Structure formats: C-alpha cells, structure tokens
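Visitor:
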Ligand SMILES: Nc1ncnc2c1ncn2[C@@H]1O[C@H](COP(=O)(O)OP(=O)(O)OP(=O)(O)O)[C@@H](O)[C@H]1O
Ligand SMILES: O=P(O)(O)OC[C@H]1O[C@](O)(CO)[C@@H](O)[C@@H]1O
Ligand SMILES: [Mg+2]
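Shown next as structure tokens:
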C-alpha cells in the first residue's frame, strides 16, 4: 500500500535486552519503504508531554545500537495514564492528552513494544482515541501466553544460567548451600529454564508448593552421596510456607517482590547444619547485550510489525508460533496469561532429572 508515511514507536513497561534491536529493525524496514519513524520518549509520557517528546529515527542513528542494552527511547512501568498520579496526590485520567499527542504528531500508526500490562494500556488508548496500534511482545517474565518468544526472556535465562554456573564453583569450594533469587513476577519461567540449564538441585517456582523439609531432605541426600554443596534457584514470587508473598516497598510506595531467597536461607539453616548464602540477581537479568535469539526474534517482530502497518492491519500483535511470526488480535494476546503449567515439558524434565521442584 505504502500510503502510510509517518509512524511512531515506543517502548513501555520494564526494560529488557533486545529493545534497541527491535527499534533498529523497525527503522530499517520502515525507512526502506520511505516512511518517517518518530521514536516516542518514555513510553506514553512522550505523547502526554507538550511539546511531545520524540526523536526522529534514521538508520544511521539506530544501527550502532544492535548490541546495546536498555531502550534508547526510555520507558516507564509506573503512572497508569488512566489514573495518573498528580503532584497534589490525586489521580487524574490523562488518556485524552496522550491521544491528542498522537494525532498532533500526525502519526499514521503506532508500534508499542511492551508486556501484557503495557499492551492492555496501549490498546485501551487506541480504542478510545482512534490510534492505529500494532504490538510487539517483550518481557523477561515470558508470561504472554500466546507467543513462544517474548523479547528479553532468552537473555534473562542466559544471565541466570551463567550466575548458577559461577555459583557452582564457589558453592563446592566452601561446601555451601547457594540460593539464587531470580525475577519473573508471578510466573516461574526464568527459574525453571535457568535451573535446568544451570544444573540446580532445587528449583522453586510460584506455581508449585514446596516444604522446607523436602528441600532439606534433598540437601541431606546430596551430602550422603558425597556432594557437599547444593544449588537452589527460587523465583521472586514464591510464597513462604505460610503462604505469604515476600515484598519490599520503597519510599515512593512502590512494592516489588524481593526477599524470598533470604527467607529460605533462614528456614533451611534452622533445620539442617548447612552454611547458606543468598544471591539476588535483580536487574542484571534485564541489562546488557541481547542474546542472538532475542536479537533474531526482535528483527523478525520489527519487520512484521511494519508489514502489518503497510497492510493497514491494526490492533494486532506479532507473535512467534511454530517457527513462524503470526499476527494475532491484541485483545486475544493479552487475555492469555501464561504461568508455568504442571504439564509443562520443563516440569517433567526437571522431575526426570531428580531436581526437587516442589510437591
Ligand atoms: N504507559 C505506561 N504508563 C505507566 N505504567 C505503565 C505503562 N505501561 C505499562 N505500565 C505498567 O508497567 C507494568 C508492567 O508493564 P508490562 O507488563 O508491559 O511490562 P513487563 O515487560 O512485563 O515488565 P514490568 O512488569 O517489569 O514492567 C504494568 O504494571 C503496567 O501497568
Ligand atoms: O524494574 P522494577 O520496577 O523494579 O520491576 C521489577 C519487575 O519487573 C520485571 O523485571 C519485569 O516484569 C519483573 O520480573 C520484576 O518483578
Ligand atoms: Mg508484565
């Protein structure tokens, strides 16, 4: 068609590795069609600001960013535009300002790169204000059910696996129980994937309950086999045995998961004579160069998103299914939350390997 000349692109939600690779792919493909690409700053905040905050993106500008971490456009995962926190403490619906920003920039379409939360917000804005939206999934949590790959997950798993590889040697040297706490919000995908790949002895995920006794039995079993150390990987949303989530709230009132690793260390030490140490991997999982797989998926998603706009196919998200990039309605995409299923191949794999994965 080629009648669409000016598109916007933004990144939203938590950052992750591979975002710049998607931006680069979009710019290459769109500029190849003779289109103009505006990079919107700080997710929807760039459209809310006056003047609107954006950068004109050219191939020469984005080319060097293929291997850089973060997002060159900035992002946010706070401040819902429909209940936006104002300086006086009130909440204000600022959706119309964002929609007006889109139209004032003369955009023909908007590519939103985000997780489930961002895509839900962007779709609501699009429906309300006539925004021609195309979505690209990214999230280290891998919780968007409809796609086999979301940008950022593979890199996060690589980093968590490398952390286990490194902990392995120091654990063995000191005869310690090493606990690695990883991210993932309410889904255990990072923990189970990295746990298997990195040879963990215990993998704890929020989807499967566990007992301290069974963890200690595993440690003892290893000791009886002459193995003086144990590697445990735990997902941040795992609950205490009493069923409580472990969270931390900062001075801005933001609550995040964190601390289950130390909780486990304390409980294990009460039951068994073993030295424990805790490593919280944190935002390292979201930083740095994207893995080749994440870059590959980023390239394929970026190109397909531009092609959808060329076909005027809006309100769709690109997904990876059965070795193909497939467009699905965004509404359908965000409706399918994916936690780790008890039937998951990786659950069976972990159990087959003798890893303690809960009960
Ligand atoms: N434009 C936005 N403004 C404010 N908050 C947003 C915006 N977009 C998303 N959020 C919030 O950010 C959070 C996460 O968004 P999303 O699910 O898209 O990202 P993610 O990759 O899963 O990473 P994370 O959850 O850490 O941000 C959600 O709580 C969502 O409501
Ligand atoms: O960057 P923040 O605001 O600390 O958010 C951390 C959360 O974001 C994620 O990294 C991605 O959704 C989660 O795994 C984690 O719980
Ligand atoms: Mg999310």
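In this note's numbering, the protein residues as written are 85 to 443. Note that beta-carbon positions come from the ideal geometry of N, C-alpha and C, so glycine has one too. No experiment lies behind these values; they were computed from the predicted model shown.
1. Near residue 448, which residues of its chain fall below 6 Å by C-beta distance, leaving aside the five closest residues on each side in sequence?
2. Run through DSSP, which three-state label would residue 314 get?
3. In its own chain, which residues sit with a C-beta less than 8 Å from the C-beta of residue 85, not counting the 5 before and 5 after it?
4. State the start and end residues of the unbroken alpha helix (DSSP H) segment that holds residue 215.
5. On a CA-only basis, which of 404, 121, 337 is nearest residue 192? Give me that one, please.
6. State yes or no: is the C-beta of residue 263 within less than 7 Å of the C-beta of residue 303?
7. First and last residue of the beta strand (DSSP E) that includes residue 364?
8. Where does residue 86 fall in DSSP's three states?
9. Given that a residue counts as buried once 16 or more other Cβ atoms are within 10 Å of its Cβ, and exposed if not, what is residue 388?
10. Using only the alpha-carbon positions, how far apart do residue 114 and residue 402 sit?
11. When you compare the CB of residue 148 with every CB in chain D, is at least one pair closer than 7 Å?
12. Evaluate residue 419 with the Cβ neighbour count: other Cβ atoms within 10 Å of its Cβ, from every protein chain shown; 16 or more gives buried, anything less gives exposed.
13. Assuming contact is defined by CB atoms lying nearer than 7 Å, are residue 325 and residue 220 in contact in what I supplied?
14. Under DSSP, the alpha helix (DSSP H) around residue 239 begins and ends at which residues?
15. Return the residue from the list 283, 149, 233 that minimises the CA-CA distance to residue 252.
16. Who are the Cβ neighbours of residue 433 in its own chain at under 8 Å, not counting the five residues just before and after it?
17. Just checking residue 223 against ligand 3 - is the residue's beta carbon closer than 6 Å to any of the ligand's heavy atoms?
18. If you run the structure through DSSP and keep just helix, strand and coil, what is residue 429?
19. Exposed or buried, residue 248, counting other C-beta atoms within 10 Å across all chains shown (16 or more means buried)?
20. Under the assumption that residue 211 contacts residue 136 (Cβ atoms under 8 Å), give the Cβ distance between them as a whole number of angstroms.
21. Quick one: Cα of residue 352 to Cα of residue 171, how far?
22. Quick test of your reading: residue 235 and residue 382, contact by CB under 8 Å. State the CB separation rounded to the nearest angstrom.
23. Around the Cβ of residue 308, are there at least 16 other Cβ atoms within 10 angstroms (buried) or fewer (exposed)?
24. Classify residue 334 as buried or exposed, calling it buried when 16 or more other Cβ atoms lie within 10 Å of its own Cβ.
25. Indicate whether residue 91 and residue 131 have their beta-carbon atoms separated by less than 7 Å.
26. Taking DSSP as the reference, what is the three-state secondary structure of residue 132?
Guide: This is what the structure holds:
1. In the structure displayed, the chain extends from 85 to 443; residue 448 sits before or after that span and is not available.
2. strand
3. Residue confidence is low: residue 85 scores 46 on pLDDT, short of 50, so the model does not pin down where it sits. Its coordinate-derived value is still stated next. Here the set comprises 394, 395, 396.
4. Premise fails: residue 215 is in no alpha helix (DSSP H) and is neither H nor E.
5. 121
6. no
7. 359-364
8. Annotation note: pLDDT 47 at residue 86 (below 50); position unreliable, no value reported.
9. buried
10. 16 Å
11. Protein chain content of the structure displayed is limited to a single chain, and chain D is not contained in it.
12. exposed
13. no
14. 237-258
15. 283
16. 280
17. yes
18. helix
19. buried
20. Contact flag wrong, Cβ pair sits at about 21 Å.
21. 45 Å
22. 5 Å
23. exposed
24. exposed
25. no
26. helix
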